[in-house]
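These protein sequence lines are chains A and B, in that order. According to UniProt numbering, the first sequence is numbered sequentially starting from 1. According to UniProt numbering, the second sequence is numbered sequentially starting from 1. Note that beta-carbon positions come from the ideal geometry of N, C-alpha and C, so glycine has one too. Input: a single structure, listed below in structure tokens.
Number of protein chains: 2
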Amino acid sequence: MGALKLQPLVRPDGMTTHEYAHRRLRQAIMVGSIRPGEALTIRGIAEAMESSPTPVREALRRLSSEGALKVLDNRRIMVPRMTADRFGELIALRTVLEQHAARRAVDHITEKQIDRLVEIDKAQDEAIARKDSATTLLLLNQEFHRTLYTANPDQIIMPMVESVWLQLGPFLGIAMEYVEQLYFVDRHQEAIAALRKRDGDAVAAAIGADIREGIGGFERGAIENLLRLAGQ
Amino acid sequence: MGALKLQPLVRPDGMTTHEYAHRRLRQAIMVGSIRPGEALTIRGIAEAMESSPTPVREALRRLSSEGALKVLDNRRIMVPRMTADRFGELIALRTVLEQHAARRAVDHITEKQIDRLVEIDKAQDEAIARKDSATTLLLLNQEFHRTLYTANPDQIIMPMVESVWLQLGPFLGIAMEYVEQLYFVDRHQEAIAALRKRDGDAVAAAIGADIREGIGGFERGAIENLLRLAGQ
DNA sequence: TATTGATTTTTGTGATCACATTTTTAATAT
DNA sequence: ATATTAAAAATGTGATCACAAAAATCAATA
Chain A
1 MGALKLQPLV RPDGMTTHEY AHRRLRQAIM VGSIRPGEAL TIRGIAEAME
51 SSPTPVREAL RRLSSEGALK VLDNRRIMVP RMTADRFGEL IALRTVLEQH
101 AARRAVDHIT EKQIDRLVEI DKAQDEAIAR KDSATTLLLL NQEFHRTLYT
151 ANPDQIIMPM VESVWLQLGP FLGIAMEYVE QLYFVDRHQE AIAALRKRDG
201 DAVAAAIGAD IREGIGGFER GAIENLLRLA GQ
Chain B
1 MGALKLQPLV RPDGMTTHEY AHRRLRQAIM VGSIRPGEAL TIRGIAEAME
51 SSPTPVREAL RRLSSEGALK VLDNRRIMVP RMTADRFGEL IALRTVLEQH
101 AARRAVDHIT EKQIDRLVEI DKAQDEAIAR KDSATTLLLL NQEFHRTLYT
151 ANPDQIIMPM VESVWLQLGP FLGIAMEYVE QLYFVDRHQE AIAALRKRDG
201 DAVAAAIGAD IREGIGGFER GAIENLLRLA GQ
């Protein structure tokens with residue numbers, strides 16, 4: 001049996017079933033709770049969220065277009081396996097994408113929106129002090145970055161950034177399981193200061209360092225070890 | 001009635017209906033043959049390609065995730081409208097993405113693959129001399145870029161590049177209709193020379209210039225004029 | 001014990017139907 | 001003519017069914 005365990009998620013009023021299925025699966029993949037190689041069946045998912053194949057299939061198509069899922073030749077669907085090379089590509093792409101997104105936000109972001117960034121950063125510090133779950137920290141960190149990039153009203157890049165996050169999710173799940181304690185360092189304050197000065201280069205530098213010293217800090221050997229440990 | 005006219009497209013053996021619907025719609029959007037704001041109905045598309053709503057819906061979900069289509073609050077689906085600001089974002093993003101993709105391909109591309117690029121470039125020159133349709137030229141140009149970027153076996157970026165192409169498609173359709181003759185200049189030979197020398201910076205510079213002097217060359221005023229002419 | 005082959009089950013796929021909402025059309029009143 | 005209201009048509013959505021292909025199970029054989 002599928003026996004797919006999905007964290008419950010509130011379903012806002014008026015949200016369609018396929019949209020709900022999409023959001024719920026996406027959330028699960030993003031925080032690494034679905035393992036690469038794990039078999040995903042349409043009927044299994046439909047059963048798990050008490051609906052039917054049709055809307056689940058729509059959700060799966062979207063997720064595969066977002067790079068979160070891969071459709072095999074057998075037409076079976078799974079979370080893509082990670083490799084050290086693919087991880088390197090993802091980090092390099094993440095850096096380029098987010099530096100560009102940050103630069104493009106500098107001319108649009110308001111002081112009020114920067115204040116919001118300060119709030120999120122504070123919430124993150126509190127969560128660290130409170131020793132909240134790694135998942136909570138991850139989501140707060142994403143909220144910081146998303147808030148920054150979407151300050152640009154004509155921005156086109158956010159879905160691509162989220163796609164990279166989605167593709168990194170499963171590896172994060174493995175890391176959270178096998179690494180004693182993940183260090184959470186960030187360069188958010190540096191980014192905020194640069195934003196206040198409207199210094200695009202400095203903002204991009206802060207974002208670059210933030211990624212490099214965060215998830216980008218995994219060394220090749222460490223990645224290979226983790227993947228071996230997880231039986232990937 | 002929808003009266004959606006879709007260019008015929010061969011359906012490879014074994015291709016599923018939703019995949020075929022996806023490819024056919026994608027192709028139509030990519031070359032600008034579906035106008036922004038044009039009403040797209042599930043049943044209309046299903047009828048046009050002699051199938052049923054279910055697979056068409058899957059195709060539409062994928063295309064909306066790829067940024068090619070937008071789902072309105074009414075749940076109606078259409079090709080997004082272009083604005084001068086959005087166009088600017090798309091060109092800036094296209095430049096960053098493709099320069100990165102090109103850089104990342106330099107270390108992987110083989111001499112044989114570079115030879116293939118030469119062939120495609122030659123085919124392009126012949127098509128220009130033959131005064132082939134703008135669509136043909138567009139597709140050849142895409143083939144050149146795609147061949148270059150996918151030389152990197154672990155590449156993650158291609159779907160994002162294609163997403164930008166898709167989002168530029170409808171504007172290209174408008175431009176092709178209202179502009180007397182589109183100039184086709186490219187920096188492909190420069191890129192090829194740089195690839196042979198394995199000079200990443202030079203390759204990126206060539207790609208940057210290629211985009212800037214190609215579709216990126218539309219000036220803000222020209223874009224606004226075109227959009228006004230097309231009643232957008 | 002391992003392997004092959006047949007049977008059963010599971011799974012993806014696509015068409016169809018019913019329902020609710022939205023859009024369009026038609027008719028009426030101002 | 002314009003605006004308003006009611007009826008009709010069109011549309012998105014989700015469940016269900018039938019079918020074919022794939023996977024899993026089990027029995028028989030080497």
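In the pairwise beta carbon analysis, the segment 211-229 of chain A is classified as touching the segment 80-95 of chain A: at least three pairs are separated by under 8 Å.
For the segment 146-159 of chain B, the set of residues with a beta-carbon nearer than 7 Å to any beta-carbon of chain A comprises D154, Q155, I156, I157 and P159, in chain order. Within the segment 50-70 of chain B, the residues whose Cβ lies closer than 9 Å to any Cβ of chain A are, in chain order, T54, R57, E58, A59, L60, R61, R62, L63, S64, S65, E66 and G67. Put simply, the CB of E89/B is near chain A, with a gap under 8 Å to one of its CB atoms. Nearest Cα to M15/A within the set H18/B, L40/B, A48/B and R75/B: R75/B.
Residue contact check for D85/B against chain A: a CB pair falls below 8 Å.
The three-state reading of DSSP puts K131/B in coil, since its state is none of H, G, I, E or B. One thing to note: Q113/A has its Cβ within 8 Å of the Cβ of A151/A. Chain order gives the chain B residues near V96/A as V96 and H100, where near means a beta carbon separation below 7 Å. Residue-level contact by beta carbon holds for A92/A and chain B, with a gap shorter than 8 Å. D154/A is the residue among D154/A, A123/A, L138/A and L137/A whose C-alpha sits nearest the C-alpha of R104/A. Straight across, the Cα-Cα distance linking G216/B with L138/B is about 14 Å.
Going by beta carbons, L63/A and R26/A fall inside the 8 Å limit. Taking 8 Å as the cut-off between beta carbons, the residues of the segment 104-138 of chain B near chain A are R104, in sequence order. Selection S52/B, Y149/B, Y183/B and I156/B evaluated against I128/B yields Y183/B as nearest (Cα-Cα). Put simply, the segment 184-200 of chain A touches the segment 109-124 of chain A. At least three CB pairs are less than 8 Å apart. The alpha helix (DSSP H) runs of length 4 or more contained entirely in the segment 72-124 of chain A are, from start to end of the chain, 84-106. Apart from the 5 residues on each side of it in sequence, V31/B sits with its Cβ closer than 8 Å to the Cβ of T135, L138, L139, G169, L172 and G173 in its chain, given in chain order. Between Q27/A and chain B, the shortest Cβ-Cβ separation is not below 8 Å. Segment contact: the segment 195-212 of chain B against the segment 45-54 of chain B, fewer than three CB-CB distances shorter than 8 Å; contact not assigned. In this structure, the CA atom of R35/A is about 7 Å from the CA atom of V79/A. Under the DSSP assignment, Q167/A falls in the alpha helix (DSSP H) whose first and last residues are M158 to Y178. In the three-state scheme derived from DSSP, where H, G and I count as helix and E and B as strand, A39/B is classed as strand. In this chain, the alpha helix (DSSP H) harbouring P55/A covers P53 to S65. In this structure, the alpha-carbon of R130/B lies about 49 Å from that of I211/A.
Close partners of Q167/A in chain B (Cβ separation under 8 Å): I156.
E19/A: member of the alpha helix (DSSP H) spanning T17 to M30, first to last residue. Within the same chain, S52, P53 and V56 come within 7 Å of A46/A by CB-CB distance, once the 5 residues on both sides are set aside. Distance from the CA of Q232/B to the CA of Q7/A, rounded to the nearest whole angstrom, comes to 44 Å. Short of 8 Å from the beta carbon of L72/A, and not among the five residues preceding or following it, lie these beta carbons of its own chain, in chain order: M78.
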